[in-house]
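Undergrad: If you're matching positions, the sequence shown starts at 2 in the working numbering and goes up one per residue. All C-beta atoms, glycine included, are put in the ideal place defined by N, C-alpha and C. What follows is a single structure, and I will ask about it in a moment.
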Amino acid sequence: MAGIDETDSLKLIGETVKLKIGSRNPFQYKPPDYANTVSAVMTSKSKTDQIEAVLEVIDRVKRENIPRGLVLDPSVVTPDKPRKVEEMVKIKAVLGKGNSAGEVVSVQDVSTGKDFAMKTILIIHFNKDEIRAWVHLADLDKAPKLYSFHMEDNKVIVKMEIVKGKQLSDIMVSEGFIKLMQDEEKSEERRYFSLLLLHGMLENFDLLKKGKFTHGDVHGGNVMVLHTLDVQSIDFGSAKSIRNNDGIDHAQRLKADLVNIVHQFFASYTGVHFQNRGAIQEALEKKDFQEVRRDMAKIPAADRNWLFSVMLMVFETVRCSRQEGFADTGAVAAAVAGMLPPRAELEDIKRKLAVLLFPEKYTNRFHGSEFVTEQEVILPEGATILDDPDLADLATLVDLEKDFGDLSFF
Ligand SMILES: Nc1ncnc2c1ncn2[C@@H]1O[C@H](COP(=O)(O)OP(=O)(O)O)[C@@H](O)[C@H]1O
Ligand SMILES: [Mg+2]
Numbered sequence: 002m003a004g005i006d007e008t009d010s011l012k013l014i015g016e017t018v019k020l021k022i023g024s025r026n027p028f029q030y031k032p033p034d035y036a037n038t039v040s041a042v043m044t045s046k047s048k049t050d051q052i053e054a055v056l057e058v059i060d061r062v063k064r065e066n067i068p069r070g071l072v073l074d075p076s077v078v079t080p081d082k083p084r085k086v087e088e089m090v091k092i093k094a095v096l097g098k099g100n101s102a103g104e105v106v107s108v109q110d111v112s113t114g115k116d117f118a119m120k121t122i123l124i125i126h127f128n129k130d131e132i133r134a135w136v137h138l139a140d141l142d143k144a145p146k147l148y149s150f151h152m153e154d155n156k157v158i159v160k161m162e163i164v165k166g167k168q169l170s171d172i173m174v175s176e177g178f179i180k181l182m183q184d185e186e187k188s189e190e191r192r193y194f195s196l197l198l199l200h201g202m203l204e205n206f207d208l209l210k211k212g213k214f215t216h217g218d219v220h221g222g223n224v225m226v227l228h229t230l231d232v233q234s235i236d237f238g239s240a241k242s243i244r245n246n247d248g249i250d251h252a253q254r255l256k257a258d259l260v261n262i263v264h265q266f267f268a269s270y271t272g273v274h275f276q277n278r279g280a281i282q283e284a285l286e287k288k289d290f291q292e293v294r295r296d297m298a299k300i301p302a303a304d305r306n307w308l309f310s311v312m313l314m315v316f317e318t319v320r321c322s323r324q325e326g327f328a329d330t331g332a333v334a335a336a337v338a339g340m341l342p343p344r345a346e347l348e349d350i351k352r353k354l355a356v357l358l359f360p361e362k363y364t365n366r367f368h369g370s371e372f373v374t375e376q377e378v379i380l381p382e383g384a385t386i387l388d389d390p391d392l393a394d395l396a397t398l399v400d401l402e403k404d405f406g407d408l409s410f411f
């Protein structure tokens with residue numbers, strides 16, 4: 002989730018009281034925990050402004066009959082009752098923890114008996130586009146369904162469908178994934194796994210873009226891989242609506258999302274995260290992978306060439322913000338789909354991958370202790386560091402670049 006959108010967080014105050022951000026704003030210095038709750042007069046000078054601001058909020062709620070929230074699916078979430086959320090749900094388990102919100106927990110609604118996931122966001126961090134982008138993608142089945150959101154104290158509480166799968170970053174430290182990386186016999190599955198992921202991420206990117214949104218925070222903790230090997234996006238806390246003339250560099254945001262997608266693709270194929278995210282973008286910009294050489298050292302030459310060609314193919318869509326068809330990834334997604342095997346074979350591969358990556362679902366061999374930490378996920382034992390100062394094996398890339406114009410999908 003991005004920083005605070007201060008103009009947004011003050012919109013509630015209403016039109017009549019204009020508080021200038023950056024000047025001596027009486028609300029500015031409150032720590033987030035106390036923000037949007039009852040505050041004390043800061044100075045006698047600001048007293049009138051503060052009184053007016055609070056009166057305006059109360060008046061608007063009264064005048065416009067503003068609800069505290071909205072239930073989108075009353076069959077799952079009990080519609081508004083004047084009770085605190087703790088009385089409405091029973092907490093069952095922690096599903097995950099992100100960078101900004103607290104823990105996302107699975108809960109049971111005491112009235113409907115249904116289970117769902119619950120995320121709590123401080124109002125001061127709340128971004129309206131989170132809900133807008135989310136609903137857009139959820140309606141296309143590419144994000145968990147949004148059941149409700151409402152304000153309580155200084156928080157917005159969001160209730161949503163529990164994703165039937167795992168976050169990508171958890172998969173990447175799992176025993177099954179390490180097997181996928183290490184077992185030579187699984188190299189085909191490995192390639193298809195990374196392509197399936199890339200295809201899913203590109204699809205979600207494109208669908209978000211068609212709804213005029215960027216995600217803004219694509220990483221392994223916000224990409225969910227379903228048991229079906231489909232991909233869903235979560236955490237739209239940094240999402241932004243693409244509007245003209247709002248001073249935001251939307252082209253840059255589209256590019257950043259795609260570079261992050263490229264990074265996740267790379268990591269899912271190699272098990273290696275680039276040390277420096279900036280370096281991979283620079284390498285793609287320059288079509289020169291010297292800078293990321295260290296990250297690539299253990300990856301066989303043939304794999305590197307293939308990886309770079311796919312990475313570049315995606316990146317070419319956002320190379321220059323003025324180019325025609327900027328960030329149109331439809332053709333690239335089709336090309337990626339073309340690298341996957343025919344349907345029947347693909348279904349079989351997906352089943353194999355699911356058994357490997359979701360043992361807790363498909364087998365009974367799940368032991369927490371078998372899981373290893375991220376530190377241990379390097380590359381197969383005994384892989385040699387290639388002595389390749391000139392990266393001669395990358396020479397084929399140059400041809401690839403030249404050939405770009407001729408490739409049928411461009
Ligand atoms: N609907 C969901 N189903 C299952 N797990 C979820 C769901 N939503 C979030 N999580 C888990 O909780 C973590 C944090 O949620 P996220 O929305 O990314 O919060 P933050 O904005 O703090 O990063 C995720 O990385 C994921 O593991
Ligand atoms: Mg997150």
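For residue 155, tell me which candidate among 38, 346 and 324 has the shortest Cα-Cα distance.
TA: For residue 155, the nearest C-alpha among the options comes from 38.
Undergrad: Give a single yes or no on whether residue 223 has its beta carbon closer than 6 angstroms to a heavy atom of ligand 2.
TA: Under cutoff, so the answer is yes.
Undergrad: Cβ of residue 163 within 6 angstroms of any heavy atom in ligand 1?
TA: yes
Undergrad: Skipping 5 residues on each side, what residues in its chain have a beta carbon closer than 6 angstroms to that of residue 146?
TA: 139 and 162
Undergrad: Out of 239, 361 and 350, state which residue places its alpha-carbon closest to the alpha-carbon of residue 186.
TA: 350
Undergrad: Buried or exposed: which applies to residue 345, given that a residue is buried once 16 or more other Cβ atoms fall within 10 Å of its Cβ?
TA: exposed
Undergrad: Beta-carbon separation of residue 217 and residue 168 under 7 angstroms?
TA: no
Undergrad: Which term fits residue 65, buried or exposed, when burial requires 16 or more other beta carbons within 10 angstroms of its beta carbon?
TA: Label assigned to residue 65: exposed.
Undergrad: Whole angstroms is fine: what's the gap from residue 113's alpha carbon to residue 319's?
TA: Straight through space, the alpha carbons of residue 319 and residue 113 are spaced by roughly 47 angstroms.
Undergrad: Which same chain residues end up closer than 7 angstroms to residue 172 when comparing Cβ atoms and leaving out the 5 residues on each side of it in sequence?
TA: 178, 226 and 358
Undergrad: Which residue comes first and which comes last in the beta strand (DSSP E) that contains residue 185?
TA: Careful: residue 185 lies outside any beta strand (DSSP E) and carries neither H nor E.
Undergrad: In chain order, which continuous runs of the beta strand (DSSP E) of length 3 or greater are located wholly inside the segment 170–240?
TA: 224–227 and 232–234
Undergrad: Between residue 128 and residue 224, what straight-line distance do the alpha-carbon atoms span, to the nearest angstrom?
TA: 19 angstroms
Undergrad: DSSP state of residue 365, grouped into three classes?
TA: Because residue 365 sits at a pLDDT of 45, beneath the cut-off of 50, its placement in the model cannot be relied upon, and the following sentence gives the value as read from the coordinates. Residue 365: coil per DSSP, three-state reduction.
Undergrad: Is any heavy atom of ligand 2 found at a distance shorter than 6 angstroms from the C-beta of residue 99?
TA: yes
Undergrad: If you draw a straight line from the alpha carbon of residue 18 to that of residue 54, how long is it in whole angstroms?
TA: The predicted position of residue 18 is uncertain, since its pLDDT is 41 and thus under 50; a value taken from the coordinates is nonetheless stated next. Near 6 angstroms, if we compare the C-alpha coordinates of residue 54 and residue 18.
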